[in-house]
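I have placed the structure first, in the form of structure tokens, so that the comments after it can refer back to it.
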Amino acid sequence: MGQAGTFSHDNEHGRENQMLAQDLWTEIRIMRKMGKSIKKISRELMISKNTVRKVLRSELYQPYRRENCKPGLLSEFMPFLIERAPQLDFNATSLFRELKKLGYTGGYTLVKEAVRPLRETHRQLEAATARFETPPGLQAQVDWGSKKIMLGGYLTRVHIFVMVLGFSRAIYVEFTLDEKLPTLIACHEHAFAWFGGIPEEILYDNPRTVVLDRATANARINPKFEDFCRYYGYTPRLCRPYRARTKGKVESGVKYVKRSFLTGQEFPSLASANEQVLAWIREVADQRIHGTTHEQPAARFRRENLRPLTGRPPYVLQVWQMRRVATDCLVSYASNRYSVPWRYVHQTVELQERGDLISIYHRGVLIATHRKAESKHQVIMDMEHYRGLSNKHDATKRIAPLPEVEVRSLDIYASLAEGGALVG
Numbered sequence: 096m097g098q099a100g101t102f103s104h105d106n107e108h109g110r111e112n113q114m115l116a117q118d119l120w121t122e123i124r125i126m127r128k129m130g131k132s133i134k135k136i137s138r139e140l141m142i143s144k145n146t147v148r149k150v151l152r153s154e155l156y157q158p159y160r161r162e163n164c165k166p167g168l169l170s171e172f173m174p175f176l177i178e179r180a181p182q183l184d185f186n187a188t189s190l191f192r193e194l195k196k197l198g199y200t201g202g203y204t205l206v207k208e209a210v211r212p213l214r215e216t217h218r219q220l221e222a223a224t225a226r227f228e229t230p231p232g233l234q235a236q237v238d239w240g241s242k243k244i245m246l247g248g249y250l251t252r253v254h255i256f257v258m259v260l261g262f263s264r265a266i267y268v269e270f271t272l273d274e275k276l277p278t279l280i281a282c283h284e285h286a287f288a289w290f291g292g293i294p295e296e297i298l299y300d301n302p303r304t305v306v307l308d309r310a311t312a313n314a315r316i317n318p319k320f321e322d323f324c325r326y327y328g329y330t331p332r333l334c335r336p337y338r339a340r341t342k343g344k345v346e347s348g349v350k351y352v353k354r355s356f357l358t359g360q361e362f363p364s365l366a367s368a369n370e371q372v373l374a375w376i377r378e379v380a381d382q383r384i385h386g387t388t389h390e391q392p393a394a395r396f397r398r399e400n401l402r403p404l405t406g407r408p409p410y411v412l413q414v415w416q417m418r419r420v421a422t423d424c425l426v427s428y429a430s431n432r433y434s435v436p437w438r439y440v441h442q443t444v445e446l447q448e449r450g451d452l453i454s455i456y457h458r459g460v461l462i463a464t465h466r467k468a469e470s471k472h473q474v475i476m477d478m479e480h481y482r483g484l485s486n487k488h489d490a491t492k493r494i495a496p497l498p499e500v501e502v503r504s505l506d507i508y509a510s511l512a513e514g515g516a517l518v519g
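In structure tokens, the structure reads:
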């Protein structure tokens, strides 16, 4: 068993002659237990691979002592102390008694002082291990990634929502066109439905939709998102910025999706991409042997013990946009246009975006629902909204065009309602 040593940060990172802090020493050990490579630990903590190797060769942290110090009375017995102390629960009296039998000639106080940092290091390692090896049902982690992929024949940047359950490493993935709050909430609800339950807490990597004042020490949860968390009865937790160990599970999940699912893929539509990724989760991601747990996520998920959804209705986020219906029965929203029934021309309507749905209301009554356009400058129409226009010529003569949208002849839409095609 190797003896604990003294380590320094690397000169190339501007930390020459600074001794390795105990919390960083502990972090290196924990990241290795989580299955991370020496190269990955080195990159994430900005230290050299040699420093990582030195830490991993040492069993317990030992504070720095000047090289010109005379060897202490305990020096030759330190390997014994490092190995034996945990076995005796760091009891200095028992260790002192055994050391005397081995020829130690010093006093009890020196032994007690030597045992103290060994006990503290052991306590930190135990606490860290308990923290990262999440018990069933306790925690999930959520993060976003993004990647440009071929979608419907066009190179499109999609956003990747990933939720990973801490105990089982079961994963939920959804591709979206943005990371706005309505989208984030919809993705959560889809994930809860996929898992069939809710964890006690969810850890977030400080996205703007979740966190206010995230650049300060007073970071707080966005009240709108906090209301959503209360509705589903779980506690939102925030990662400490730039601390790799607190968000490792979900960061690994995002990279896994990019590498193992998205690489080289093309999809006819966003809906198709989401259908295919769910099939991939069932058939591949949840069936693999996970590198850290050494079990299949699907097998561990059976012990996950999430809190049931109990059939509650979806959360309603009150985010409304007011629009006036143009002559061509379309309303403009986010660089796209969506149809409503022709009778609402020139009326003011309210739009609500939730996930991939656009819902349109008039005086509180739902009058139209559309899938959100997958790119900009699209016209999304429901032909039922134009049915009957061919018999309403007197009414259409009274409809004047509005300058906010491109105006088409209403005769074209009447033709569409009867099965024609839109050209131009």
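If you're matching positions, the sequence shown starts at 96 in my numbering and goes up one per residue.
Each residue gets a CB set at the ideal place from its N, CA and C atoms; glycine is no exception.
Within the same chain, Cβ atoms closer than 6 angstroms to the Cβ of residue 467 are found at 451, 453, the five residues on either side in sequence being excluded. For residue 371, the enclosing alpha helix (DSSP H) has its first and last residue at 365-375.
C-alpha of residue 430 to C-alpha of residue 134: approximately 45 angstroms in a straight line. Annotation for residue 463: the continuous beta strand (DSSP E) segment containing it runs 460-466.
Runs of the alpha helix (DSSP H) lying entirely within the region 272-337 and spanning at least 4 residues, in chain order: 276-290, 318-327.
Taking the CA atoms as reference points, residue 184 sits about 24 angstroms from residue 167. Per DSSP, reduced to three states, the secondary structure at residue 434 is strand.
Under the 8 angstroms Cβ criterion, the region 354-371 counts as touching the region 263-283, having at least three qualifying pairs. Uninterrupted beta strand (DSSP E) stretches at least 3 residues long and entirely within the region 232-279 occur at 234-246, 249-260, 266-271, given in chain order. Only exposed fits residue 473, as fewer than 16 other CB atoms lie within 10 angstroms of its CB. Every alpha helix (DSSP H) of 4 residues or more that sits fully in the region 386-429 is shown, in chain order, as 392-396. Our two residues, residue 416 and residue 427, have alpha carbons roughly 10 angstroms apart in a direct line.
In terms of Cβ geometry, residue 255 and residue 232 do not form a close pair [threshold 7 angstroms]. Within its own chain, the residues whose Cβ lies closer than 6 angstroms to the Cβ of residue 456, once the five positions on either side in sequence are excluded, are 445, listed in chain order.
Taking a contact to require three or more Cβ pairs closer than 8 angstroms, the region 258-265 and the region 323-336 do not qualify as touching.
Residue 234 is positioned such that its CB atom lies no closer than 7 angstroms to that of residue 259. With fewer than 16 other beta carbons inside 10 angstroms of its own, residue 171 counts as exposed. Ranking 129, 123, 403 by CA distance to the CA of residue 143 puts 123 first. Closest in C-alpha terms to residue 362, from the list 201, 245, 210, comes 245. Here the C-alpha atom of residue 275 lies approximately 46 angstroms from the C-alpha atom of residue 152. Counting only residues of its own chain and dropping the five nearest sequence neighbours on each side, residue 147 has a CB closer than 7 angstroms to the CB of 123, 133, 136, 137. If you check the CB distance, residue 394 and residue 382 do not come in under 7 angstroms.
Taking the Cβ atoms as the reference, residue 304 lies roughly 6 angstroms from residue 320, within the contact range of under 8 angstroms. Within the same chain, Cβ atoms closer than 8 angstroms to the Cβ of residue 285 are found at 267, 269, 450, the five residues on either side in sequence being excluded. Within its own chain, the residues whose Cβ lies closer than 6 angstroms to the Cβ of residue 448, once the five positions on either side in sequence are excluded, are 277, listed in chain order.
Non-local beta-carbon contacts of residue 403 in its own chain, meaning distances under 6 angstroms to residues more than five positions away in sequence, involve 292 in chain order. Residue state for residue 474 is assigned as strand, using DSSP reduced to three classes.
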